[in-house]
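Numbering (the working numbering), first residue to last: 3 to 131.
Worksheet: one structure, shown below.
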């Protein structure tokens with residue numbers, strides 16, 4: 003059994019951007035990712051290509067990451083798009099720059115293109131009115 007009372011008490015935020023690739027793709031097309039059924043697929047010209055990510059409404063139809071293109075129902079309300087990696091990276095960098103306005107770089111830990119951790123222990127005063 004561990005005595006957690008002896009460990010430092012830190013305030014860590016975990017930021018995980020929901021359905022990042024399909025959300026950015028939707029927004030770029032002027033669509034709302036919370037209502038649009040959209041899949042980002044590695045290669046839309048190959049039937050066996052893998053779904054890289056899907057919006058929440060498409061996930062409700064059981065189309066999940068790592069499914070195959072041929073598993074996506076052929077319906078007019080479902081969009082299948084190619085990844086726009088340069089745009090995803092640009093958006094990720096922008097969000098990172100925003101986060102770094104609130105914590106020093108030593109307290110920022112990038113996990114992936116759409117996930118990071120921020121130790122806000124020393125900057126919590128910036129968030130409280």
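Virtual Cβ for every residue (Gly too), placed ideally from N, Cα, C.
Could you check what DSSP says for residue 120 in three-state terms: helix, strand or coil?
strand
Pairwise C-alpha distance: residue 5 and residue 33:
For residue 33 and residue 5, the distance between alpha carbons rounds to 49 Å.
If you draw a straight line from the alpha carbon of residue 89 to that of residue 76, how long is it in whole angstroms?
27 Å
How many Å lie between residue 45 and residue 3 at the Cα?
Each residue's alpha carbon lies about 49 Å from the other.
Looking only at its own chain, which residues have a Cβ that is under 7 Å from the Cβ of residue 167, when we skip the five neighbours before and after it?
Nothing in the structure corresponds to residue 167, since the chain is present only between 3 and 131.
Sorted by chain position, which residues of the same chain lie with C-beta nearer than 7 Å to residue 54's C-beta, five sequence neighbours on each side aside?
23, 42, 43, 44, 67 and 85
Please report the distance separating the alpha-carbon of residue 21 from that of residue 116.
9 Å
Cβ of residue 81 within 7 Å of Cβ of residue 15?
no
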